[in-house]
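Number of protein chains: 2
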Amino acid sequence: MEQPYVLGIDIGGQTAKCGIVNARGEVLAQTILVSNTQTDAQSFIDALASTLKKLMSDAGLDGQVRGIGVGAPNGNYYTGEIKDAPNLTWARAKNVPFAKMLSEAMDGMPVALTNDANAAAVGEMTYGAARGIKDFIMITLGTGVGSGIVIGGNVLYGHDGFAGELGHTCAVRGGRVCGCGKQGCLEAYCSAIGVARTAVEWLEQHPDESSLLRLRENITSKDVFEAAKAGDKAAQEIFDFTGNLLGRSFADFIAFSAPEAIVLFGGLARAKEFLYEPIVKAMNDNLLAIWKDKVKILFSSLSESDAAILGASALAWNL
Amino acid sequence: MEQPYVLGIDIGGQTAKCGIVNARGEVLAQTILVSNTQTDAQSFIDALASTLKKLMSDAGLDGQVRGIGVGAPNGNYYTGEIKDAPNLTWARAKNVPFAKMLSEAMDGMPVALTNDANAAAVGEMTYGAARGIKDFIMITLGTGVGSGIVIGGNVLYGHDGFAGELGHTCAVRGGRVCGCGKQGCLEAYCSAIGVARTAVEWLEQHPDESSLLRLRENITSKDVFEAAKAGDKAAQEIFDFTGNLLGRSFADFIAFSAPEAIVLFGGLARAKEFLYEPIVKAMNDNLLAIWKDKVKILFSSLSESDAAILGASALAWNL
Chain C
1 MEQPYVLGID IGGQTAKCGI VNARGEVLAQ TILVSNTQTD AQSFIDALAS TLKKLMSDAG
61 LDGQVRGIGV GAPNGNYYTG EIKDAPNLTW ARAKNVPFAK MLSEAMDGMP VALTNDANAA
121 AVGEMTYGAA RGIKDFIMIT LGTGVGSGIV IGGNVLYGHD GFAGELGHTC AVRGGRVCGC
181 GKQGCLEAYC SAIGVARTAV EWLEQHPDES SLLRLRENIT SKDVFEAAKA GDKAAQEIFD
241 FTGNLLGRSF ADFIAFSAPE AIVLFGGLAR AKEFLYEPIV KAMNDNLLAI WKDKVKILFS
301 SLSESDAAIL GASALAWNL
Chain A
320 MEQPYVLGID IGGQTAKCGI VNARGEVLAQ TILVSNTQTD AQSFIDALAS TLKKLMSDAG
380 LDGQVRGIGV GAPNGNYYTG EIKDAPNLTW ARAKNVPFAK MLSEAMDGMP VALTNDANAA
440 AVGEMTYGAA RGIKDFIMIT LGTGVGSGIV IGGNVLYGHD GFAGELGHTC AVRGGRVCGC
500 GKQGCLEAYC SAIGVARTAV EWLEQHPDES SLLRLRENIT SKDVFEAAKA GDKAAQEIFD
560 FTGNLLGRSF ADFIAFSAPE AIVLFGGLAR AKEFLYEPIV KAMNDNLLAI WKDKVKILFS
620 SLSESDAAIL GASALAWNL
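Chains as they are written, first to last, in my numbering: chain C, 1 to 319; chain A, 320 to 638.
Given below as structure tokens:
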């Protein structure tokens, strides 16, 4: 029987988004599984397999799906394992042989696993802003800062499958403590959580300046975005600061792999109108002459709800 | 006629080292051309072609050489051009179509060009410390700091052929002005010139402390090495400082490409006994847990006089 469909699954700390995708990159059916209630991996896998089987059956596509692509935090393409993912209740401080377990629960259907940022990079290259671009760096600005590096049309996995942890390169030497335990990581400043931390610091350091943000308790990056759109100077300064740190880090990334473009994706990338200019300025100020004004900064063109599923699904076509 | 030999040429600011190499990586004959007297590219190419023809003829190998591999500052593998190389008297502020010109002067013999650090990486992979290693980063610690990045057994050239300028990533934000015009580059601290600058700064900042280096005028990195070997505490502190900056930069490079090893090469790499420990400590202190104590720091195993020729020559086998 012909198998013209694949499953794409994007696993996050709260939910697993699952979808059936055709070769044109259309999500034909999708569903969401809550992923923060299971404490052991087998329970999660069993719940996921039931969800996928029901999804295929409801769509009338039993037997027509050729494989499963999965993006997950700390997912390793080479080994198929999820290795010590602190945000997944069922994968903390252990190695879960995820691809093998899911394949078994799905009656032998082949499974490809990678980390969520790599999956996003594949999705962007296959269906999004990076179509036709063979050398680019995907930066995901979400709760954390992730990255997927594409070289000559292939995702860079490195010696051990963990390449592309650019969120944990140093943005500020001796700076803020990051969730990973190190100091000054890009993620500690330029993630959604990082931007909220910057906002709290800004308010403390400028006690005499007014800002809409003073009306908020538990400031989020979304609050900062809303305030910036309303013309709040403090919020705009916070995005200037964030964009500056991103841009100067990007300059170092470019010196490594000489990409054609850097593609931004994730919730914080919605603040394009406030981030684009400071990123481009800081990047070019820190680049060697050979690259000045030559590297494109692109923003994802995929809808966020589809992108994660599409990216993961794209892995499955080669299975 | 069988053509079992290649020519390897390493072009530096002072000399071009030329050699004939066999498939086992033995340098059968070599010679040196002074490269800092010509002010136009054609004069240099003509002198180089004469030198190469004489080398082949003297060795009795006319007609048995299949191609030429060249490593040169700012050499571009894709275009065959040397682009604005400030250290080459005949390639300043211009693009020299080097591969094409040399091939014409050599009666059509094929020529492959890359930058000197990439050539060293190929040499190390083919004949040296990186044999059997498919993912590594070569760092050349010479007058400048260069790098060649190998991924899956292939040199990373990037979108434009200029990938791997890790000497110009930021080691100290807002730090010393580098030869490239930017501030705080790794090269401004960890090259031979950078180490000499650190020595001068150290002496100024510690007026009351004795050091053998106070006896020197125009301190060089070699003076610092000699003093460190003689037990000079200041010189050893200077290497600690240098190794620390290298190690913490290496941690960021590892987060990019997840290599199996970092290989050090060049004049300054001779100071292994003083650099190894501070590099390894700073690197591991700045790595994510998944890489701590896992990435090897290797020192080139090729003799320096051969390595440059061997590396360049290795490019020519695929012509």
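Glycine included, each C-beta is placed from N, C-alpha and C at the ideal position.
For residue i, which three-state DSSP category applies?
| i | result |
| --- | --- |
| residue 210(C) | coil |
| residue 323(C) | This structure leaves residue 323(C) out entirely; chain C is present only between 1 and 319. |
| residue 614(A) | coil |
| residue 182(C) | coil |
| residue 362(A) | helix |
| residue 258(C) | coil |
| residue 572(A) | helix |
| residue 5(C) | strand |
| residue 419(A) | helix |
| residue 83(C) | strand |
| residue 113(C) | strand |
| residue 386(A) | strand |
| residue 583(A) | strand |
| residue 394(A) | strand |
| residue 473(A) | strand |
Just to check my reading of the structure: residue i and residue j have Cβ atoms closer than 8 Å, yes? What is that Cβ distance to the nearest angstrom?
| i | j | result |
| --- | --- | --- |
| residue 329(A) | residue 390(A) | 5 Å |
| residue 302(C) | residue 142(C) | Contact doesn't hold; Cβ gap of about 14 Å is too wide. |
| residue 150(C) | residue 187(C) | The pair is not a contact, with the Cβ atoms about 20 Å apart (cut-off 8 Å). |
| residue 346(A) | residue 340(A) | 6 Å |
| residue 307(C) | residue 120(C) | 6 Å |
| residue 173(C) | residue 492(A) | 6 Å |
| residue 90(C) | residue 38(C) | 5 Å |
| residue 263(C) | residue 129(C) | 5 Å |
| residue 522(A) | residue 549(A) | That belief does not hold up - the Cβ atoms of residue 522(A) and residue 549(A) are roughly 16 Å apart, past 8 Å. |
| residue 73(C) | residue 88(C) | 6 Å |
With a threshold of 8 Å on Cβ separation, who are the neighbours of residue i within its own chain once the five nearest residues in sequence on each side are excluded?
| i | result |
| --- | --- |
| residue 260(C) | 133, 134, 135, 136, 295 and 296 |
| residue 411(A) | 403, 404 and 405 |
| residue 59(C) | 20, 28 and 29 |
Taking the alpha carbon of residue i as the reference point, which residue from the options has its own alpha carbon closest?
| i | options | result |
| --- | --- | --- |
| residue 242(C) | 191(C), 8(C), 223(C) and 218(C) | 191(C) |
| residue 424(A) | 363(A), 599(A), 543(A) and 619(A) | 363(A) |
| residue 435(A) | 590(A), 632(A) and 636(A) | 632(A) |
| residue 589(A) | 432(A), 502(A) and 540(A) | 540(A) |
| residue 84(C) | 41(C), 53(C), 56(C) and 206(C) | 41(C) |
| residue 32(C) | 12(C), 39(C) and 144(C) | 12(C) |
| residue 382(A) | 446(A), 534(A), 326(A) and 471(A) | 326(A) |
| residue 139(C) | 300(C), 317(C) and 212(C) | 300(C) |
| residue 157(C) | 576(A), 323(A) and 368(A) | 576(A) |
| residue 317(C) | 267(C), 177(C) and 69(C) | 69(C) |
| residue 567(A) | 550(A), 552(A), 595(A) and 447(A) | 595(A) |
| residue 166(C) | 569(A), 552(A) and 523(A) | 569(A) |
| residue 240(C) | 274(C), 130(C), 95(C) and 284(C) | 274(C) |
| residue 547(A) | 487(A), 634(A) and 591(A) | 591(A) |
| residue 520(A) | 375(A), 495(A) and 501(A) | 495(A) |
| residue 380(A) | 324(A), 488(A) and 552(A) | 324(A) |
| residue 368(A) | 426(A), 538(A) and 397(A) | 426(A) |
Along the chain, where does the alpha helix (DSSP H) that runs through residue i open and close?
| i | result |
| --- | --- |
| residue 446(A) | 435-446 |
| residue 517(A) | 511-524 |
| residue 141(C) | Element bounds for residue 141(C): not the alpha helix (DSSP H) but the beta strand (DSSP E), 136-141. |
| residue 225(C) | 221-229 |
Near residue i, which residues of its chain fall below 7 Å by C-beta distance, leaving aside the five closest residues on each side in sequence?
| i | result |
| --- | --- |
| residue 100(C) | 80 |
| residue 254(C) | 287, 291 and 295 |
| residue 103(C) | 109, 110 and 111 |
| residue 370(A) | 337, 350 and 352 |
| residue 315(C) | 69, 112, 114, 119 and 122 |
| residue 244(C) | 278 and 282 |
Excluding the 5 residues preceding and the 5 following residue i in the sequence, name in chain order all residues of the same chain whose CB lies nearer than 6 Å to its CB.
| i | result |
| --- | --- |
| residue 224(C) | 195, 199, 235 and 238 |
| residue 638(A) | 386, 429 and 431 |
| residue 118(C) | 148 and 155 |
| residue 246(C) | 190 and 279 |
| residue 216(C) | 223 |
| residue 2(C) | none |
| residue 446(A) | 344 and 629 |
| residue 396(A) | 433, 476 and 480 |
Taking the continuous beta strand (DSSP E) assigned at residue i, which residues delimit it?
| i | result |
| --- | --- |
| residue 18(C) | 15-22 |
| residue 177(C) | That residue, residue 177(C), is in no beta strand (DSSP E); it is neither H nor E in DSSP. |
| residue 33(C) | 27-34 |
| residue 466(A) | 464-470 |
| residue 12(C) | First-last for residue 12(C): undefined, no H or E at that position. |
Could you work out which residues of chain E lie near residue i, taking near to mean beta carbons separated by less than 7 Å?
| i | result |
| --- | --- |
| residue 417(A) | Here the protein chains are C and A, and chain E is not one of them. |
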